[in-house]
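Using UniProt numbering, the first residue of the sequence shown is number 1, and each one after it goes up by one. Yeah, the Cβ is synthetic: ideal placement off N, Cα and C, and Gly gets one too. A short worksheet on the structure shown next.
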Amino acid sequence: MKIALVHDYLTQKGGAERVFELLCKRYPQADVFTSLYDPEKTIDIGERIVNTTFLQNIPGAAKYFRLMAPLYFPAFRALDLQDYDLIISSSTSFAKAVRKNQKSRHICFCHNITRFLWDTETYLREYGDYRYFAPLIDQVFEMMRKVDLAYAQEPDLYIANSSIVARRIKSTYGKEAIVINYPIDTSKFVFSDTKEEFYLASARMISYKRLDIIVEAFNWLGWRLLISGNGPERERLKSKALSNIEFLGHVTDIQRTQLFSKAKSVIVAALEDYGLVPVEANASGTPVIAFGAGGVLDTQIPGKTGVFFQKQTPESLNRALLEAREIYWDYNNIRNHAVANFSEEAFFNKVEQVIEQACTV
Numbered sequence: 001m002k003i004a005l006v007h008d009y010l011t012q013k014g015g016a017e018r019v020f021e022l023l024c025k026r027y028p029q030a031d032v033f034t035s036l037y038d039p040e041k042t043i044d045i046g047e048r049i050v051n052t053t054f055l056q057n058i059p060g061a062a063k064y065f066r067l068m069a070p071l072y073f074p075a076f077r078a079l080d081l082q083d084y085d086l087i088i089s090s091s092t093s094f095a096k097a098v099r100k101n102q103k104s105r106h107i108c109f110c111h112n113i114t115r116f117l118w119d120t121e122t123y124l125r126e127y128g129d130y131r132y133f134a135p136l137i138d139q140v141f142e143m144m145r146k147v148d149l150a151y152a153q154e155p156d157l158y159i160a161n162s163s164i165v166a167r168r169i170k171s172t173y174g175k176e177a178i179v180i181n182y183p184i185d186t187s188k189f190v191f192s193d194t195k196e197e198f199y200l201a202s203a204r205m206i207s208y209k210r211l212d213i214i215v216e217a218f219n220w221l222g223w224r225l226l227i228s229g230n231g232p233e234r235e236r237l238k239s240k241a242l243s244n245i246e247f248l249g250h251v252t253d254i255q256r257t258q259l260f261s262k263a264k265s266v267i268v269a270a271l272e273d274y275g276l277v278p279v280e281a282n283a284s285g286t287p288v289i290a291f292g293a294g295g296v297l298d299t300q301i302p303g304k305t306g307v308f309f310q311k312q313t314p315e316s317l318n319r320a321l322l323e324a325r326e327i328y329w330d331y332n333n334i335r336n337h338a339v340a341n342f343s344e345e346a347f348f349n350k351v352e353q354v355i356e357q358a359c360t361v
């Protein structure tokens, strides 16, 4: 079987790219396609040839890849994938648009619908200059929405990383999606059944992560909180935090695994489409206290692996923190649940069953 692996762009290293890296390792003989490729900024493809589009020849395109938005659809449509039996795309936006022959199958790992088109205000509110160009951008995006909706019909099968993303695919594109939660490398996380007297938040310091809620809650309680990560919200958050809250900034992978294994709980206040941090905490044997919406509904078992709070407020988080204090946590069971359900082996067992069924239809 001749396989093509396709990703939106390889110009950064995030969760979507990490999933694509796993696919590349799993299918070493597959050909790799993307619109733009910057090997210094993205995942390790090894010695494999990465086939790109005409966008690669535009000076500065890889650096300013977001500005290329109107050109991605024609770039992917221009790729010649007619000779492939199976196309596996990894997409939040554009790669789903690739063309195939009538006999081949196209399976799309859809990390989300094209958020900047369908939830523009939320997606772009971090970019302060957006409001100055909003009238022009809105006209361009309105045209792109029609194209996105048309090309979203190309894949034969969608795989979503969470139930909330599957619902968005159905409501926006009118396509059913199979939910397969994305994995972590469980071997990279250290288990400990001895927890220390601190709580941990690990996130990029941007507004939607709602670290402000966590800071205010721990200001009230006076319990020790460590926060790892950097971002534009750092100084504002530090100015509001009392002495029981420590900002660690960037930490190494080794430091991060130690923090995850020793924390009393890991706190997540954001509404995440999926979210790897709760799964990583569980792989360390650590319970999670999370806002009860989005991806955590797929990954956490209340009272067994974590506790939910129902509103993004300090008061609601405080109630969950106090509730968690009263629970006897079985740290081994927390770890075992993560390994059984979110390891790479569990992930690919599900994926290959889906691929086998899709290719025999």
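Let me check one thing: in DSSP terms, what residues is Asp148 bridge-paired to?
Asp148 pairs with nothing; no bridge assigned.
Check whether the Cβ atoms of Ile43 and Lys13 sit closer than 7 Å, and answer yes or no.
In this structure, Lys13 lies closer than 7 Å to Ile43 by Cβ.
DSSP three-state label for Val190, please.
DSSP places Val190 outside both helix and strand once states are collapsed to three, so it counts as coil.
Residue nearest to Ser187 in terms of C-alpha spacing, selected from Thr299, Lys209, Val354, Ser284
Ser284
Reducing DSSP to helix, strand and coil, say where Gly15 ends up.
DSSP, read as helix, strand or coil, puts Gly15 in helix.
Separation of Val351 from Ile184, as counted between CA atoms
15 Å
Note down the Cα distance separating Leu322 from Val307, rounded to an integer number of angstroms.
About 10 Å.
Whole beta strand (DSSP E) elements within the stretch 25-70, 3-residue minimum:
31-34
Are Ile214 and Ala201 touching if we call contact CB-CB under 7 Å?
yes
Could you name the residues of the same chain whose beta carbon sits closer than 7 Å to that of Glu233, not counting the 5 residues immediately before and after it, in chain order?
Met205, Ile206, Ser207, Leu211
Tell me whether the beta-carbon of Asp8 lies closer than 7 Å to the beta-carbon of Phe94.
yes
Residues that DSSP places opposite Tyr199 in a beta bridge
Leu225
Enclosing alpha helix (DSSP H) for Val277 [first to last residue]:
277-283
With 16 other CB atoms within 10 Å as the buried threshold, where does Gly295 fall?
buried
Between Glu356, Ile159, Thr299, Leu221, which lies nearest to Ala16 when the distance is taken from Cα to Cα?
Ile159
Cutting at 7 Å between CB atoms, please list the residues of its own chain near residue 374, excluding the five before and the five after it.
Outside the shown range of the chain (1 to 361) lies residue 374, about which nothing can therefore be said.
Taking the Cβ atom as the reference point for each residue, do Leu23 and Leu5 lie within a distance shorter than 7 Å?
yes
Let me check you understand the geometry: is the CB of Leu259 closer than 6 Å to at least one non-hydrogen atom of the ligand ATP?
In the structure shown, the ligand ATP is absent, as is every other ligand, since no ligand is present at all.
Can you name, in chain order, every residue of its own chain whose Cβ lies under 8 Å from the Cβ of Tyr149, other than the five neighbours on each side?
For the record, residue 149 in the displayed sequence is Leu; it is not Tyr. Excluding sequence neighbours, Leu149 sits near Thr172, Tyr173.
Once the 5 residues before and after Pro39 are set aside, which same chain residues still bring their CB inside 6 Å of it?
Once the five neighbours on either side are set aside, Pro39 has no close Cβ partner at all.
Along the alpha helix (DSSP H) that carries Phe342, what are the first and last residues, could you check?
Where Phe342 is concerned, the enclosing alpha helix (DSSP H) stretches over 331-342.
Pick from Phe116, Ile169, Lys264: whose alpha carbon is nearest that of Pro155?
Ile169
Beta-ladder partner(s) of Arg105, from DSSP:
Leu86
Looking only at its chain, what residues have a beta carbon closer than 8 Å to the beta carbon of Cys359, apart from the 5 residues adjacent to it on each side?
Met1, Asp85, Leu86, Arg105
Just to confirm my understanding: we take Gly303, look at its own chain, exclude 5 residues before and 5 after, and list those with CB closer than 7 Å. What are they?
Ile327, listed in sequence order.
CB-CB length for Ala263 against Lys195, believed under 8 Å:
For Ala263 against Lys195, the beta-carbon gap comes to about 7 Å, under 8 Å, which counts as contact.
Given a cut-off of 7 Å, decide if Ser316 and Pro287 are closer than it, judged by their beta-carbon atoms.
No Cβ-Cβ contact shorter than 7 Å links Pro287 with Ser316.
Less than 8 Å between C-beta atoms, sequence neighbours within five positions excluded: which residues of the same chain meet that for Tyr27?
Same-chain partners within the cutoff: Ile3, Leu5, Ile88.
Cut-off 8 Å between Cβ atoms - residues of its own chain near residue 363, not counting five sequence neighbours on either side
Because the chain here runs from 1 to 361, residue 363 falls outside it and cannot be looked at.
Enumerate in chain order the residues of its own chain whose CB-to-CB distance from Trp329 is below 7 Å, with the five nearest sequence positions on each side excluded.
Pro287
Considering only residues of the same chain and omitting the five flanking positions on each side of Lys209, which have a CB-CB separation below 6 Å?
Ala203, Ala270
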